[in-house]
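Protein chains: 2
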Amino acid sequence: MSEHAPTGTAGDQDAIDDRVSAQTRELVTFASSLPAADVPERVLHESKRGLLDHLGVAVGAAQEPAARIARELAEELGGHPQAAVLGTSTRLRAPDAALVNGIAAHVFDFDDTHIPTILHATTPLYASGLALAEWRGRSGAELLAAHALGYEVGARVSVALYPEHYDTGWHMTGTTGTLAAATASGRLLRLAPGTMTHALGIAATQAAGHREQFGAMTKSFHAGHAAESGVGAALLAERGYVAAPDSWQGRRGMFAVMSTRTTVEDLVDGLGERWEIFRNGIKPYACGVVSHPPIDTVRVLAREHGVRPDDVRRIELRVHPLVAELTGKTEPRTGLEGKFSVRFACAIAMIEGTARERQFSDANVHREDVRALMSRIDVVPAPDVPHEKAVAVAELVDGRTVEVRVDAATGTPENRLSDADLSEKFHDLVDPVLGQTQASRLEDLVWAVDRAETVDDIVAAAVPAGS
Amino acid sequence: MSEHAPTGTAGDQDAIDDRVSAQTRELVTFASSLPAADVPERVLHESKRGLLDHLGVAVGAAQEPAARIARELAEELGGHPQAAVLGTSTRLRAPDAALVNGIAAHVFDFDDTHIPTILHATTPLYASGLALAEWRGRSGAELLAAHALGYEVGARVSVALYPEHYDTGWHMTGTTGTLAAATASGRLLRLAPGTMTHALGIAATQAAGHREQFGAMTKSFHAGHAAESGVGAALLAERGYVAAPDSWQGRRGMFAVMSTRTTVEDLVDGLGERWEIFRNGIKPYACGVVSHPPIDTVRVLAREHGVRPDDVRRIELRVHPLVAELTGKTEPRTGLEGKFSVRFACAIAMIEGTARERQFSDANVHREDVRALMSRIDVVPAPDVPHEKAVAVAELVDGRTVEVRVDAATGTPENRLSDADLSEKFHDLVDPVLGQTQASRLEDLVWAVDRAETVDDIVAAAVPAGS
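Written out as structure tokens, the structure is:
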């Protein structure tokens, strides 16, 4: 902090203002004060898995139009080369790197998910965290702790606001993701609790992102914007910019303005004993997590019951009404829109055996065999089916009926992706960009990140060799 | 556009997507297609007055902590020197200049106001517009038209959302101000209607800013952030970044998410015949516009009725309940907080004769004579008093009672600040920074801006000589 001593502000920024509500105070104090060494080992292992997954999705999507447009604009605007754009030879100022890497990591809809609230916390967390860790020369251990504690803050606020905030039409990754990113950024800037409170206030009043953007390039922008805003809020607070004391719980603060109901006790209940990161899911399929249980059902139909597309007269997919709403695009025009059509996702998964990024191509949504199978899939909203489950009832042309239930989709906490599965997903995404040798080196570095003095080696391994 | 041809997007960006709702389509088409030469002369004169007022408040506040912190952070991050920070020798990349100038122009709470909705449109409009006009070499006439049309979009959306959006706790300048800035930015980038629609979609999903921040540094941040986001959204759209088609009126779009009611007909009613800029107010006092009618009442008491502070036993201020709520800070600790205390503002205005920036000092809020007078002022919420009016009933120590009514506060459309009054306000703010000679030169250039081929001379005159 010495080179960025707060200036021009009233009062002591290290201590938390006495007007901050109790729950906010407790959570922010915890997130800013807990020594990295006191974060439990098994929590840090989850953060490490999150890093590998993040590098996979970000490197894999580095050349996608959304990420490329943002990157090229940042180059036109210029800035000190503080942090790398993963998977490219470009270096940008830290908030720009956070923006571009955040867009890239979300563009495939393949990043991890806090299952109870559908918050994609890791994208804003590592998009912001890696950029600041690189710029400020922080250790791997400090980066992991920043992720773990940022995840805790983002997820706990999400739980407190869910489902009302989400039902209003907010995209959690854009809104509470900003708080997650600001927390991780504040950790890496080593902000004192009072300063961290201001960072989180400046972040709260920038929280944004409407669900209308689902299916558009702008959905990924939300994730990048959350990362960028989190970095910016922490950097402003570091220099002494101050927010209203009770920016979250105040009468006109984030919670009251952006949700019709908030259960503030969720901010602190079991804090330090129960970690939200254990409710994180890592995606096997490159689309919204709510589509995963139905995709699993058709894959089970194909693999365990030998059902082929031509065998199907009709499949009734019974899903929670929210799932039907979120993935109800009936006529996807592009691969991206296909991610919001559960009928397309199930059809392609049955035909090709999985639903990774390459399955969601523009060509595939227009294929005749896909369209034909989609026309035989009915999505039935079923309030009695929780959103993490799904039922498929297949009527076959031979007269048989096969019913498949999925209670815990692949990649969820109850049906975890193993470290080996995760590695396979990583290589699927990264090998085409960096080559298998360098991808393996990058993976090895991630598994040892807790012993790295800086993140420089990881960053070097995440950009094309020779650049 | 040729150097920034859209790439990597589906479909034709010049035309507006057929899924855009009718009112949005009509307003965006108007704002992006109307030739600058077709904006009525008297509208452009208001935009010119707005430019003079903007330069005054921005230059005058260039060294305020909020603006200085943001400027120094931008310097640390670096970038191409595309646009000037008004009143300083610093040049930043265009979005950063928009951020810093937007913060500066709002930090005194002295910038102009769309009276029906309390939107401070001009700050995000010129903070974004000047930066882009300078960078891209646009003419003064093009800048004025960008302001006029951006004002129209920002104000019409505000009218459509008011008061529900505001009552929810949103700060209009942060939210609809972002749309205003994106419109002005899109005009200066000469975006076609389809591309402008995307710019306004990317802007809408970033709209942010909670009223909890009133009284904190972060309130000014909202205005700067709106400017920065507007510039960024337009630059992304220029390069082909696309938003959801119906980002405003869609089921989960900005209007539905951020307001409980929207009167969409206000977006287009009388479009091109009736201009919202004629409902703009220019502030004579350096605080929120809702405090102006009560300040006028005590100034009338003092000037027209000869009432001195010691004569007062009690003053009952009858104001709209919203005014009482917004300016109800009973124990201001700083000059900034004093702007949100109508009792302080009225006390100091009665004692010093006015309530310009220098009256809202930290020292003044602690003065004994001020505190004593404040304790004799009662604020009474009166639902029958509209927020643009106020009544003061003064009981004097000699037993007399004097009642003063203000129906149209100084600076409102019904009681306009003359061009001469505006000039006086401008010099009060700018002379201490630039010196009187240069301030006069800057003023002359503004009155002739419609004939300027670029804004370079204005920018040069708005930064300290020799820098």
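Going down the list, the sequences are from chains L and Y. Reading the first sequence from the start, the letters are residues 540 to 1006 in my numbering. Reading the second sequence from the start, the letters are residues 540 to 1006 in my numbering. Beta carbons are placed, not taken as given, at the ideal position from N, Cα and C, and that holds for glycine. Quick caveat: nothing in here was measured; it's all calculated off a predicted structure.
Where do the ends of the alpha helix (DSSP H) carrying residue i lie?
i       : result
A783(Y) : Careful: A783(Y) lies outside any alpha helix (DSSP H) and carries neither H nor E.
D967(L) : 958-973
R564(L) : 561-572
V639(L) : 633-646
P663(L) : 661-675
D592(Y) : 580-599
I890(Y) : 881-891
N903(L) : 901-905
G809(L) : G809(L) -> no alpha helix (DSSP H), and no H or E assigned at all.
Y701(Y) : Careful: Y701(Y) lies outside any alpha helix (DSSP H) and carries neither H nor E.
L728(L) : L728(L) -> no alpha helix (DSSP H), and no H or E assigned at all.
T836(Y) : 831-844
Grab me the residues of residue i's own chain with a C-beta within less than 6 Å of its C-beta, minus the 5 sequence neighbours each way, in chain order.
i       : result
A643(Y) : A597, A600, A601, A606
D946(L) : K928
T546(Y) : Interpretation of T546(Y) is limited by its pLDDT of 34, a score under 50 that renders its predicted location unreliable; no figure is taken from the coordinates.
M540(Y) : Here M540(Y) scores only 29 on pLDDT, less than 50, and its place in the model should not be relied on; the value that follows carries that caveat. Contacts found: none.
G898(L) : For the sequence presented, residue 898(L) should be read as Gln rather than Gly. Here the set comprises I887, E891.
V829(Y) : V862, L865, H926
Would residue i and residue j qualify as a contact pair, given that the criterion is a beta-carbon distance under 9 Å?
i       : j       : result
L727(L) : L683(L) : no
E815(Y) : E691(Y) : yes
T993(L) : G676(L) : yes
A948(L) : F965(L) : no
I821(L) : G626(L) : no
Y665(Y) : H645(Y) : no
L594(Y) : L981(Y) : yes
P732(Y) : D553(Y) : yes
V862(Y) : A886(Y) : no
F569(Y) : L968(Y) : no
Classify residue i: buried if its beta carbon has 16 or more other beta carbons within 10 angstroms, exposed otherwise.
i        : result
G938(L)  : exposed
E767(L)  : buried
D577(Y)  : exposed
P579(L)  : exposed
T836(Y)  : buried
A911(Y)  : exposed
A613(Y)  : buried
T799(L)  : exposed
S914(Y)  : exposed
V1002(Y) : buried
A561(L)  : exposed
A549(L)  : Here A549(L) scores only 41 on pLDDT, less than 50, and its place in the model is too uncertain to base an answer on.
R842(Y)  : exposed
S628(Y)  : exposed
R838(L)  : buried
R750(L)  : buried
Return the first residue and the last residue of the beta strand (DSSP E) that residue i is part of.
i        : result
A1001(L) : A1001(L) -> no beta strand (DSSP E), and no H or E assigned at all.
S940(Y)  : According to the sequence provided, residue 940(Y) is Thr. The question's Ser does not apply to it. 940-945 is the span of the beta strand (DSSP E), which, as asked, contains T940(Y).
A931(L)  : 929-935
R852(L)  : 851-858
D917(Y)  : 916-920
What does a CB cutoff of less than 7 Å around residue i pick up in its chain, not counting 5 residues either side in sequence?
i       : result
H653(L) : A660, A694, S697, E815, R818, N819
V639(Y) : A606, A609, R610, A613, V624, L631, G763
V559(Y) : T736, P784, D785
G500(Y) : The question about residue 500(Y) has no answer here: the residues shown for chain Y are numbered 540 through 1006.
By Cβ distance, which residues of its chain are closer than 8 Å to residue i, with the 5 residues on each side in sequence left out?
i        : result
P922(Y)  : H859, P860
L984(L)  : A991, D996, I997, A1000
A1004(Y) : L973, G974, Q977
T869(L)  : S880, R882
L935(Y)  : V846, D850, V851, R852, V941
D989(L)  : L583, K587, G679, A680, L683
S962(L)  : L591, E982
Point to revise | Given 8 Å, three or more beta-carbon pairs between the region 905-922 of chain Y and the region 873-883 of chain Y | key: yes
Review point. Within the chosen definition, does the region 846-853 of chain L reach the region 962-980 of chain L through at least 3 CB pairs nearer than 8 Å?
Key: Cβ pair count under 8 Å is below three, so no.
Review point. So does the region 748-759 of chain Y actually touch the region 786-798 of chain Y, counting three or more Cβ pairs closer than 8 Å?
Key: In short, these stretches do not touch, since the Cβ pair count stays below three.
Point to revise | Validate contact between the region 726-741 of chain Y and the region 771-780 of chain Y using beta carbons, cut 8 Å, 3 pairs | key: Because the criterion of three Cβ pairs below 8 Å is met, the region 726-741 of chain Y and the region 771-780 of chain Y touch.
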